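A short worksheet on the structure shown next.
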Amino acid sequence: MVATCESENTEAIDQTDRRLFKNGIHWDAHRIGWAVSGAFALAAIMVTVVSVGRHARHYHVPTEQRQIIRILYMPLVYAIVSWFSYRFFRAYTYYSLVVIIYEAITISAFMLLIIQYVASTSSGKTAEGALARKDKEKLPIPFCCWRYRPTKAYFMYTIKWSVLQYVIIRPLVSIIGIICEALHILCQSSWSYKHPSVYLTAVDFVSISVALYGLILFYDLTKQELNGRRPLAKFLTIKLIVMCTFYQEFVFDALQNHGIIKATEYWTGSNIADGLNAFAITIEMVLFAFFMMWAYPISEYIRPELPKTSAKRAIIDSLNFGDFVAEIWGSLKFFYDYAVGKSHTRGVIKHDAPDFGEAFGVYNASGNLRTRGGSVANVA
51 MVATCESENT EAIDQTDRRL FKNGIHWDAH RIGWAVSGAF ALAAIMVTVV SVGRHARHYH
111 VPTEQRQIIR ILYMPLVYAI VSWFSYRFFR AYTYYSLVVI IYEAITISAF MLLIIQYVAS
171 TSSGKTAEGA LARKDKEKLP IPFCCWRYRP TKAYFMYTIK WSVLQYVIIR PLVSIIGIIC
231 EALHILCQSS WSYKHPSVYL TAVDFVSISV ALYGLILFYD LTKQELNGRR PLAKFLTIKL
291 IVMCTFYQEF VFDALQNHGI IKATEYWTGS NIADGLNAFA ITIEMVLFAF FMMWAYPISE
351 YIRPELPKTS AKRAIIDSLN FGDFVAEIWG SLKFFYDYAV GKSHTRGVIK HDAPDFGEAF
411 GVYNASGNLR TRGGSVANVA
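Residue numbers (the working numbering): 51 to 430.
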């Protein structure tokens with residue numbers, strides 16, 4: 051039987067929280083934190099709205115800008131959720147899981163964006179000419195002793211799946227975490243093997259490590275084709291947020307576990323550590339929002355000869371994750387075909403739309419064509 055854990059909240063509740071504006075506001079440290087973090091969260095939202103609005107009003111390359119807008123949402127989502135995490139600190143675990151789910155979406159959106167960039171560099175909007183000349187390459191550290199051939203169909207789909215798996219595993223881990231928290235057995239601040247938190251953290255660590263390694267390999271393979279598109283800056287806007295928030299939370303947890311962060315009447319040590327982490331994130335997201343505005347400039351998409359587009363379509367496209375579903379289904383189908391020994395999985399696959407296979411020059415020797423929705427049709 052799984053052991054239950056001690057509550058990470060105090061039994062005593064600050065009753066003035068319930069009447070914040072009654073007889074004026076008492077400016078204690080907590081309320082000052084609300085105001086400051088709220089101001090920074092609002093600033094991050096405003097910068098993000100400007101960035102997204104620019105792309106939405108010049109939505110001339112939907113296949114690329116759809117992913118860019120999803121990435122630009124990242125500081126906004128982090129800032130809003132972190133402010134709520136600070137304000138309603140007793141429910142911190144639930145809010146933090148929402149943030150991590152969007153992290154998975156952003157990483158996958160970046161991968162799909164790079165695919166579009168690579169496809170656009172070749173004549174005829176295919177990557178056959180762009181990457182056909184590539185020979186065997188060394189894997190990035192720590193697997194640099196092994197080499198791979200980019201034109202192998204099964205290998206490229208493996209790289210794609212290395213990122214897409216995070217979109218599946220991360221939400222599942224979050225759902226399990228929410229259930230465990232509701233049952234009072236998660237114990238997020240505990241590293242005991244008796245509690246689910248340590249196992250969920252391990253699964254999450256492996257999953258995101260695989261996803262980030264896939265992105266690094268992806269970037270290393272295509273950096274020549276991505277020259278002039280600020281690929282490193284675009285990648286760092288995401289990776290720095292992920293790394294910064296992860297290690298920051300680790301530091302605050304360590305300070306709490308070593309007794310440096312001490313409990314108060316209404317806040318446990320864990321509450322304070324979580325609150326400091328959420329407070330810091332709201333400040334950092336303003337900087338990252340500006341960083342993303344620079345890394346994903348609208349200048350690449352302004353077409354003076356074309357009228358401005360309706361922002362509605364861009365927003366709807368960015369919130370429609372049907373392309374994720376299509377890519378995941380297409381990858382699963384490919385692996386199934388490979389497992390049963392279908393010939394086209396051993397060769398190269400030709401695509402009608404610039405998805406992963408097309409971007410890497412993976413063509414089907416049998417003449418089959420996979421459409422944008424992921425289906426397979428014979429074009430002979």
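All C-beta atoms in this analysis are idealised placements derived from N, C-alpha and C, irrespective of residue type, glycine included. Source: prediction; values computed, not measured.
With C-beta atoms as the reference, is residue i less than 9 Å away from residue j?
i, j, result
"GLU100", "MET343", "The sequence given here places Val at residue 100; Glu does not occur at that position. Going by C-beta atoms, VAL100 is nearer than 9 Å to MET343."
"SER381", "LEU214", "yes"
"ALA283", "ASP303", "no"
"GLY309", "PHE139", "no"
"GLN162", "GLU377", "According to the sequence provided, residue 162 is Leu. The question's Gln does not apply to it. Against a cut-off of 9 Å, the Cβ pair of GLU377 and LEU162 comes out as a contact."
"THR113", "GLN166", "yes"
"VAL260", "SER212", "yes"
"VAL111", "TYR351", "yes"
"ILE209", "PHE268", "yes"
"ILE218", "VAL253", "no"
"PHE384", "ALA203", "yes"
Under the DSSP definition of a beta bridge, which residues are partnered with residue i?
i, result
"TYR198", "GLU187"
Leaving out five residues before and five after residue i in sequence, what residues of the same chain have Cβ atoms less than 7 Å from its Cβ?
i, result
"ALA361", "GLY103, ALA106, ARG107"
"TYR109", "GLN115, THR359, ARG363, ALA364"
"ASN327", "GLN298, GLU299, PHE302"
"TRP196", "LEU189"
"PRO347", "none"
"LEU356", "HIS110"
"LEU250", "VAL223, ILE226, GLY227"
"GLY391", "none"
"ASP270", "PRO190"
So, at 8 Å on beta carbons, what are the nonlocal neighbours of residue i in its own chain, with the 5 sequence-adjacent residues on each side left out?
i, result
"TYR144", "ILE228, GLU231"
"ILE288", "ILE121, MET124, THR156, ILE157, PHE160"
"ALA345", "ARG280, ALA283, LYS284, LEU286, THR287"
"TYR263", "PRO190, SER212"
"GLY83", "TYR136, GLY325, PHE329"
"MET96", "none"
"GLN65", "Because GLN65 sits at a pLDDT of 45, beneath the cut-off of 50, its placement in the model cannot be relied upon, and the point is left open."
"ILE311", "PHE302, LEU305, GLY319, ILE322, ALA323, LEU326"
"PHE340", "VAL97"
"ILE151", "ARG220, PRO221, SER224"
Residues in the same chain with beta-carbon distance under 6 Å from residue i, minus the five sequence neighbours each way, listed in chain order, please.
i, result
"ILE129", "Looking at the sequence provided, one finds Ala at residue 129 rather than Ile. Excluding sequence neighbours, ALA129 sits near ALA91, ALA94, THR332, MET335."
"ASP205", "Here the sequence assigns Phe to residue 205, which means Asp is not the residue at that position. Contacts found: TYR198."
"ALA313", "GLY319"
"ILE63", "Bear in mind that the predicted position of ILE63 carries a pLDDT of just 49, short of 50, making it too unreliable to give a figure here."
"CYS194", "LYS188"
"ALA389", "none"
"ARG438", "Nothing about residue 438 can be reported from this structure: the residues present for the chain run from 51 to 430 only."
"SER87", "TRP133, TYR136, PHE329, THR332"
"TYR142", "SER135, ASP324"
"TYR85", "For clarity, residue 85 is Ala in the given sequence; the question names Tyr instead. None."
Assuming the contact rule is C-beta atoms closer than 8 Å, residue i and residue j should be a hit. Round their C-beta distance to whole Å, please.
i, j, result
"TYR216", "SER257", "5 Å"
"PHE338", "ILE291", "6 Å"
Does the beta-carbon of residue i, which I'm using as the reference point, lie nearer than 8 Å to any heavy atom of the ligand NAD?
i, result
"PHE285", "Ligands in the displayed structure: none, and consequently the ligand NAD is not present."
- [ ] Count the CB pairs spanning the stretch 210–228 and the stretch 277–292 that are closer than 8 Å, and state whether there are at least three.
- [x] Pairwise C-beta distances place the stretch 210–228 out of contact with the stretch 277–292, as fewer than three of them are shorter than 8 Å.
Open item on the list: Taking 8 Å as the cut-off, does the stretch 325–333 touch the stretch 281–299 (at least 3 CB pairs, one atom from each stretch)?
Closed with: Contact between the stretch 281–299 and the stretch 325–333 is present, because at least three Cβ pairs lie under 8 Å.
Open item on the list: For the stretch 103–122 against the stretch 364–371, do three or more pairs of beta-carbon atoms, one drawn from each stretch, fall closer than 8 Å, so that the two count as touching?
Closed with: Verdict: yes, contact present.
Open item on the list: Any contact between the stretch 133–141 and the stretch 372–386? By contact I mean 3 or more CB pairs, one from each, below 8 Å.
Closed with: With a cut-off of 8 Å, the stretch 372–386 and the stretch 133–141 do not count as touching, because too few Cβ pairs lie within range.
- [ ] Take every Cβ of the stretch 189–204, pair it with every Cβ of the stretch 144–162, and state whether three or more of those distances are shorter than 8 Å.
- [x] No, they do not touch.
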